[in-house]
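Chains as they are written, first to last, in our numbering: chain R, 239 to 328; chain X, 233 to 691; chain Z, 426 to 1398.
Notes for the one structure printed next.
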Amino acid sequence: MRITCPLCGERDRREFTYRGAALDAPAADDGAEAWHSHVHLRQNPAGPLEEWWHHQQGCGSWIRVRRDTVSHVMLASALAKPEDADGGSA
Amino acid sequence: MSVKGAQTQSAPLRSWDWKAWRIAVRLNGTIRPAGTDALGVVMRFSGWRVLREGLSGNRGWGPHWRDPDPKAEYDAVIIGGGGHGLATAYYLAKDHGMTNIAVLERGYLGGGNVGRNTTIVRANYYLPGNSEFYSHSLKLWEGLEQDLNYNAMMSQRGILNVFHNDAQRDAAVRRANAIINQGDDAEILTRAQLRDMVPQLNYDGNRFPIQGALLQRRAGTARHDAVAWGFARAADLRGVDLIQNCEVTGIRTEGGRVTGVETGRGTIRAKTVAMAAAGRSSQVAALAGLTLPIESYVLQAFVTEGLKPIIDHVITFAEGHLYISQSDKGGLVFGSYLDLYASYAARGNLPMVEHTMEACMAMMPAIGKAKLLRGWGGIMDMTPDGSPIIDRTPIEGLYLNAGWCYGGFKATPASGQCYAHLIATGRPHDAAAGFRLDRFETGRGLMDEEATGAQHNLH
Amino acid sequence: MRISGWGQSGEAREVGFTFNGQALRGRDGEPLAAALLANGIHLVGRSFKYHRPRGILTAGSEEPNALVTLGEGAQQEPNVRATTLPLFEGLSARSQNCWPSVGFDVMALNDLAAPFLGAGFYYKTFMWPAEFWERLYEPLIRRAAGLGALSGAPDDAAYEKAFGFCDLLVVGAGPAGLMAALTAARAGLDVILCDEDVTPGGRLQSERDTIADAPAQAWIDATVAELDSCDNVRRMARTTVTGVYDQGTYAALEMVPQSSGRAGRACFWRLMAKRAILATGALERPIAFANNDRPGIMMAGAVRSYLNRWGVAPGERVSVFANNDHAHRTARDLVAAGVHVAAVIDSRHDAPQSDLFRVIRGATVCNASGRRRLESITLRSVGGEEKLQTDCLAMSGGWNPTLHLTCHLNARPRWRRDLACFIPEPDAVPGLDPAGACRGRFSTAQALQDGADAALRALKALGKSAGPADVPKAEADSYGIQPLWSVPGRGRAWVDFQNDVTVKDICQSAAENFRSVEHMKRYTTQGMATDQGKSSNVVALAVLAEATDRSIAETGTTTFRPPFVPVALGAMGAGATGMGFAPRRMLSSHQVAEERGATMMEVGLWYRASYFPKPGETSWRQSCDREVGYVRNAVGIADVSTLGKIDIQGPDAARLLEYVYVNRFSKLAPGRVRYGLMLREDGFVMDDGTTACLGENHYVMTTTTAAAGQAMAHLEFVTQVLQPQWNVRISSVTEQWAQFSIAGPKARALLQDLAGAGFVPSDWPFMSCGQLQLGDVMARLFRISFSGEEAYELAVPSRYGESLFRLLLERAEAVGGGPYGLEALNVLRLEKGFLTHAEINGTASLHDLGLEEMMNPDAPCVGQVMAGREGLVARDRMRLVGIRPTDPGERLSAGAHLFDPDDSVERKNDQGYVTSVGHSPTLGHMIGLALIKSGPDRIGDPIRMVDHTAGLDVICDIVEPVFFDPEGERARG
C-alpha cells in the first residue's frame, strides 16, 4: 500500500500510522452526547472514506486521505494544515 | 501400429454415473428432509455409520441441510449465516423451542469469519464481562461435538501465552489469577518449564528474551468450518430454515418496532429480527437507521504447507503479537496484528504479512523452511474497547450481536446461546450481561482487555 | 530415458546425486525430475491421504506429486518440488510422507480403507468418547497427515529482503513477456522483467516452434541480449512474482538455488511498479479418469518439456490422451525424437489424423494399471474397450490461463465457453494488464502481438509515445478444444492429486448439499494442497457443475490467494532472527553500565540498566536495596534519558499545554517546572510527566518512556488538526539530550562540586529549571524528584552523555553514593506512591488515580467531557491505594487479586488487584500499590491478597499510597 504525502510524495504505508475517520471534533463545551457520538459512533462505510493518516516516520504531517475501504484505491490526499505546505509558520 | 494385449470388454457395470448422481442430488436437496437417509430416518453420524456407508458405496449420505425457499413470515429471522447466526438459530430451537425461524445468508453458510480465523478456542480473559462469558463458552465447546453430533475436532491441546519481561509477567499473573478465580485453569510456567514443553522456541539471543508463559490446558483449537456446518446441520434438523444467497436489503419498522426484512428473495415478515453479521454489522444496522460504535478492519491469517507435527500447542507471543498452532492436516496456522486501517477487502497488505513472518523467525526460527501456502483476510467488527455487543437496540424486536473484534470464533457457542436467550426471553443471559451497547456512552463496564484505550483504532 | 543429441538446453556436464540413497548421475542444472526420468525413475512420492504411489505430473512450479525432502539437520528442507529443483553435484533428495520406503509404504493401507475415508468422513466419527480425540484419534491423524518434516533446528539459510522500483513490471519472460519488455525498453521505460525459470523463453523452451522462420531459441537469445544491453532493464531470473498488493506493490521471491559448490539463497522483493504486464502463460490441466494418478501419467506439455528442453523421454511406449490439438505436438515431437508412440487417444470425433502415429478419435481413457509405474491403459470408444500397453501417458484436458495474480485483489475471472477456461477481467488489478496465454491468447503469434500491444498501452498510460512494435512472424496453430473434464467409469478418478480428492468426493459433497464451490472446496479439501489447486480447481468446478446440473459460470468461480508459489517463512521474515526483530535503542551511558556489569533489561526498544551488582552480592535484591540506600542516604545517579522530550515553542505554546494537560499551565513562569497529566480523547489518562518553562514561549515537555511516540503524535494531531490556527511548533528532542537523575541528600553537594560557583543552591528551589554551565557545555538543570529526595535532573547534548555519566558516578562514589538502576528506581517511586504505566494502565481515570482535583474546569482540554462520564467517576470504581502485609514478614505479588477477608476467592467477590510491589529497605517490609473498588474509602481496612500462581494468600492493610515522607519535606529540602 502506498500513500501520497503532499509534502514528501508517494511513500510506503510503513511510514504512516492510521487514526481512522476524519471527523470534525465537537466544541469543548459541547455536551457528552456529542462527544460520545464523536468518539464512538461511526458510519464505517464500505466505500470512500475520509480518514486521518500521520506521516509519523516521515515529515510528521497529518494527512486527510480519501480512500475506498473496499478496493483500497487512494482517491485524494491533502495536508490537515495546508499552510504547512509552504514550510512557513502560521 | 502394434497394440499388444488389446481386448474388448462389455460395458462395465458403473458404480455411479452422472444421471444417477444428479437425481440423487436433486432428491437430497429438495424432497428428502435434510439429515435423513433414503427411508426418512434421521441420520446420526457415527463410526458405525461411516463403516456401513463405506461398504455400500457411500450412497446413503443425505444433505447436511435443506435448501428451503423462504416463507412469507417467521417468528424470528436471523441476519447472517455465519457461526454466530447458526449457533443462535440452534439454541433458539433447542433451548427455547423456537423452530419457526430462518437464518438469512447473503452468500453461503459459514462464509464469513467462522471460516477465516485461526481456529483458537480459549477462556483466558481477565475483565468482568468477558471472563464469565468466555468461561461459559469453553464449557459449551467441551460438549459441543456430542451435542451437535458433529466432529468439530475440538482439540484441547493447551495455549501458551509467552511473556518477555517483568511487566508482561505481572500482567500474565493478573490474568492467570482472574482465570482461576473464574473457575478455569491457568498456570504460570517459568522459562525452564516452558523450554521443557516447547524446546523449539528461540530462548537464546532473542531480541525479546522469553521469560515464561501463561498456560491454559483446556484451551486449544477446533476445525472452524466444521463448527459452522455442525450448527447448521443441527439447526436444520430441528426445523430451522437456512436460506443461502438471500441478502437482506432492508429492515422494516413500524412505530418503532420491527416488522420484517426485505431480501433479494422478497419480503419476509417477522416480529423479531436478530442481526448477527459481524464484519458487515454497520451496513446491516444502517438498514434500520442505526449507527454503531464499530469500525471494520482486516485481520490476516496464514497457513503453511503441510508438515509433520512440530508444534503441539497454541502459542502466542506478547512481543510481535504472533499466534501460531498446527492444524491436524499439518499446516502451521498463524497470524498477528490487524492491518490497522479501515477495510472491507478481506485481504491485507505486505507490511503486516512481513511483520508476521518476522515474528515467526524471531520467536521460532525452526520454522524458517516451512513455506507459506496461503494468506487471507477477515473483516473484523472493531468496537472501541475491543469487546463485543449482545443487546437490544432502540427498535423494539430488533437485536444486535456484533463487535466481536478478533474474539468471535471462540465465542461461537456462547454467543449463540446467550443471544438466543436474550431474543427468546427479553433478558440478557447471565454470562453475557456485560455486553451492553450503552457502555460506551456511560463509561460503565468498559472491557478494554488490552488496556490500550476505549476508543477506535487502538486495538 | 535420455535421448542423445536432443534437447534445447544443450549438454551440461554430468554430476552425481542420490535419491532415496541410490547413487545416480544427471546433468548439472537440469531439474531433479528430468534426472529421475532419465534414470527411469517414476515413483517419487506418496499422496497425502491414501499414500498412493505418485510420479511426476508436470514440469513446473504447479507440481502436486513430486515433492521431496532435501538435506539433513538444520539444512533439511521439506516439500521441495523435484520439477523446479536444479540438479547439482552431491544433491541428496528423498521421498517423504512414506514409511519405511516410497516403494513399500505401510500407510498405503489407507488406500484399501478408502471407502471409509471419503470426503468429510472425519466430521462424522471419532466423537466418542470425547477425551479420546486428544489422546488417540488426533495424534494418529496428525502423524499420518503432513507431508515432509522440519528438522526442529533453527533455520540458518541465507535470506534477505529488498525493495525495487520501476515504470513497468513484466511478469513472465515467455513470448508475450519478452515482446512486452522489449517494446517498453526500446521506448525508454524503466523495466523489471521477472521470470520464475532459470532461463528466459517460457514455453518456447519446451516447444519446437519457429519465430521469424528460425528456431524460437534464436529469437529468445537475440531479444534477451538486447534487453541485457539496456541500462533501463533489470532482468530477474528465478524470480517468481508471488503476490499483488495495493497501489502497484508486488511481492517477488528471487531464488538462488543451491548449486555445485554454492549454498542456496533467497531474496524477498517488494517491487513498486507504476504499471505491470502479466505474461504468465497457461498451465495444462489433467483429465479425471480412473487411476489417472499412476506414476507415468503426466501432462502432455510436461512430456514435451522433458523431451524438447532436457532431452529426456519419460517412457519408451508413450501414449497421449487429449481433447485439443496442442497435445498432438507431444506425439509429433516424440516420433521426431525416435520414441515410440503407442497411440493418441482423442475425445473429439473430428480430431486431426496423422501419418506419424495412430490417432483414436472419439475415445477416452477410462482406466490405468500399474501400481508403481504405468503398465497399461484402458480406452473406451464406440467400438468398446481396449487395453493398451504403455509406460507413459501424456494427457491434456486443455490449458488454464495462469491468472492467479489477477485474483489477489479479490477480482473474479470470467468463464470463456469457447476456450473452456477462465480469463481475467481487464481491470482485475489496477494497472496490471494481462497479455498472451494468461488471457487466452494461446498461440505464439497471438502472444507476441499481445505482449507488444500491452507494452504500447503501458507507454500510453505513462505518457510516452511509441510507434507500432515490430512483431515477428510465429506459429498460429489452432487450439481446437472440446471440453472433457472427467471420464465416467468404475474406480476413483483423481482431481486434486496431492490431497487425494476424487470425482466421487466432489459428487458426494454435492449430494451432501455442499453445492457452493466454496463449500465443496472446504468439505473435500480440494485446492488446499501445496499447489493451491493449480491443476485441479477448474476440473473440480466442472465436475461440481455437472454433478449439480449447472453451468460452470453458474456454479461459481475459482479464486486464488497469495502467494502464487509457497514461500519460505525465512525469506519473508528475513533479518528478524535473533536481534534483528526490532531496533535496539542504547543510552549514551550504555557502555559504562555494561563495563560495570549492569544487568540490562528491555524497556520498549530501549535497553536500561536494571541494577549494578557489586562483588559479593548474590541476588538482585541485595543490589537493589543498596542502590535505594544511595538515594535515601547519599546520592544516586540514574540515566533517565529514555523519557520522551518534546520541545515546544511559539506564542501559543502555553495554550497548547493547557489544552493537552488537564491542569493549569498558562501561568507557568520561565524557570519553573510543573507536573501535568494528559487524557486521551475518551477521557482516560494517557500519560503524565513534567513540563519546564525554559523561557518566554519556550517549553520542554517530558513524557513517560512508554508513551513518548504516542504523546508526540498526539501533540502533532492537536497542532495540525484540532487547533491549526495556533502559532506553535513542536519537535521531539528525546535523542538529542542525555539526562541524568542526581538524587539524594548529597545531590546538592555533588552539583556544587561539579559546577562550582555556577551552582548556587538557593537559586534552585523545588520545581525550578534553567541552564547551567558545565565547563564548555551548556547543560539544563531541572530540580524535580521521582524518588522523594532532593533531586535534580541534569541534561546535556547526547554526545556528552557518556563522559558526564562517568563524571557523575565518580563524584557520587566519592561521597558514598553510586549508580542506581530501574529496580531501585521502582522501589523509590513506590515508597512515594508515584505512578508509572503499571498504574496509568490505559484503563484508569483521573478519579481512579486520586488525581481528579488536578482537573482545571475553567479551561477546556482534550478528554475533559468524556472524563466526566458517570462510569469514569463512580465511587465504586477500582481506585488507587497502597497495601502492606499486616505481618511484615509476608510477601506481596504484582498481579495478585484482592478479596474481603470474609469472602470466598472467586470472581464475583473480586475487589481489585495489585499493580506494583517492591521491598522497601527503608521500611523493612514489602509495599504495593493496588487498584481496589472504592479504595480510598477503605483506608485502614484489611484485605486478602491471593496469588494462586505463587501460592500466596496474605492479609494486608489498605493504606494511603504514600509510604514515605508523606509531607514531601525531603524533596523540597
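The beta-carbon is built from N, C-alpha and C at its ideal position, and this holds for glycine as well.
*For chain Z, find out if any of its Cβ atoms is closer than 8 Å to the Cβ of X:SER387; answer yes or no.*
yes
*What residue does the beta strand (DSSP E) around X:GLY567 start on, and which one ends it?*
For X:GLY567, the enclosing beta strand (DSSP E) covers residues 563 to 567.
*Return helix, strand or coil for X:ASP670, following the three-state DSSP convention.*
Secondary structure at X:ASP670: coil, using DSSP grouped into helix, strand and coil.
*Would you mind reading off the limits of the alpha helix (DSSP H) that contains X:MET429?*
423 to 429
*asked:* I need the straight-line Cα distance from Z:GLY573 to Z:ASP956, nearest angstrom please.
replied: So the two alpha carbons sit approximately 15 Å from each other.
*Please look up how many angstroms separate the CB atoms of Z:PRO897 and Z:ILE636, rounded, as I've assumed it's under 8 Å.*
5 Å
_On the criterion of 16 or more Cβ atoms from any shown chain inside 10 Å, does X:HIS587 qualify as buried, or is it exposed?_
buried
*Could you name the residues of chain R that X:LEU572 contacts, counting a contact when the two beta carbons are closer than 7 Å?*
TYR256
*Between Z:MET1279 and the rest of its own chain, which residues show a CB-CB distance below 8 Å, the 5 nearest in sequence each way excluded?*
VAL1087, ASN1088, LEU1102 and LEU1271
*Count the other CB atoms, across all protein chains shown, that sit within 10 Å of the CB of X:LEU245; report buried if there are 16 or more and exposed otherwise.*
Here the model assigns X:LEU245 a pLDDT of 33, short of 50, so the residue's position is not dependable and the matter cannot be decided.
*asked:* Among X:ASP327, X:SER387, X:PRO302 and X:ILE311, whose alpha-carbon lies nearest the alpha-carbon of X:LYS642?
replied: X:SER387
_Using the Cβ count rule (16 or more neighbours within 10 Å means buried), how would you classify Z:GLU1214?_
buried
*Where Z:HIS829 sits in the DSSP three-state scheme*: helix
*Would you kindly work out how many angstroms separate the C-alpha atoms of Z:GLN907 and Z:VAL784, rounded to a whole number?*
So the alpha carbons of these two residues sit roughly 16 Å apart.
*Host beta strand (DSSP E) of Z:GLN1196 (start-end)*: Annotation: the continuous beta strand (DSSP E) that includes Z:GLN1196 extends over 1194 to 1199.
_Inter-stretch contact (C-beta, 8 Å, three-pair minimum) for the segment 1281 to 1290 of chain Z and the segment 1321 to 1337 of chain Z_ = no
*Member of Z:GLY496, Z:LEU516 and Z:THR494 whose CA lies at the smallest distance from the CA of Z:ALA448*: Z:LEU516
*Taking the continuous beta strand (DSSP E) assigned at R:PRO286, which residues delimit it?*
286 to 292
_Cross-strand partners of Z:VAL992 (DSSP beta bridge)_ = Looking at the DSSP output, Z:VAL992 sits in a beta bridge with X:LEU604.
*Please classify Z:HIS774: is it buried, with 16 or more other beta-carbons within 10 angstroms of its beta-carbon, or exposed?*
Its Cβ having fewer than 16 others within 10 Å, Z:HIS774 is exposed.
*Looking at the unbroken beta strand (DSSP E) that takes in Z:HIS1322, where does it start and where does it end?*
1322 to 1324
*Residue nearest to Z:ASP1241 in terms of C-alpha spacing, selected from Z:SER1345, Z:ALA899, Z:TYR1225 and Z:GLY1061*: According to the sequence shown, residue 1241 of chain Z is Gly rather than Asp. The shortest C-alpha separation from Z:GLY1241 is found at Z:GLY1061.
*Which two residues bound the contiguous beta strand (DSSP E) that contains X:PRO230?*
Only positions 233 to 691 of chain X appear in this structure, which leaves residue 230 of chain X out of reach.
_Residue interval of the alpha helix (DSSP H) (run including Z:ILE977)_ = 977 to 980
*Through-space distance from Z:ALA1078 to R:GLY326, alpha-carbon basis*: Only weak support exists for where R:GLY326 lies, its pLDDT of 44 falling under 50; the value from the coordinates is given anyway. Cα-Cα distance, rounded: 17 Å.
*asked:* Within a Cβ cutoff of 7 Å, which residues of the same chain sit near X:LEU372, ignoring the five residues on either side of it in sequence?
replied: These residues qualify, in order along the chain: PRO645, ALA646 and GLN649.
*asked:* Based on DSSP bridge pairs, tell me the residues matched to Z:LYS812.
replied: Its beta-bridge partners are Z:THR803.
*Please list, in chain order, all residues of the same chain as X:THR240 whose beta carbon is under 6 Å from its beta carbon, the five residues on each side excluded.*
Low local confidence applies: a pLDDT of 35 at X:THR240 is under 50, so the model's placement there is unreliable, and no value is given.
*Verify whether the separation of the beta carbon atoms of Z:GLU900 and Z:THR927 is less than 8 Å.*
no
*Does the beta-carbon of X:THR280 have 16 or more other beta-carbons within 10 angstroms, so that it is buried, or is it exposed?*
Looking at the sequence shown, residue 280 of chain X is not Thr but Trp. Classification for X:TRP280: exposed.
*Is Z:ASP530 buried or exposed, if buried means 16 or more other CB atoms sit within 10 Å of its CB?*
Buried is the label assigned to Z:ASP530, since at least 16 other Cβ atoms lie within 10 Å of its Cβ.
*asked:* In whole angstroms, give me the CA-to-CA distance for Z:GLU741 and Z:VAL764.
replied: 6 Å
*Quick one, which of X:GLY538, X:ARG449 and X:ASN434 has its alpha-carbon nearest X:ILE442's?*
It is X:ASN434 whose Cα lies nearest to the Cα of X:ILE442.
*Please name the residue or residues paired with Z:HIS774 in a DSSP beta bridge.*
According to DSSP, Z:HIS774 bridges with nothing at all.
*Does the separation of the CB atoms of Z:ALA1063 and Z:TYR1245 fall below 8 Å?*
yes
*For the alpha helix (DSSP H) holding Z:ASP653, just list the boundary residues, first then last.*
Here the alpha helix (DSSP H) through Z:ASP653 covers 641 to 653.
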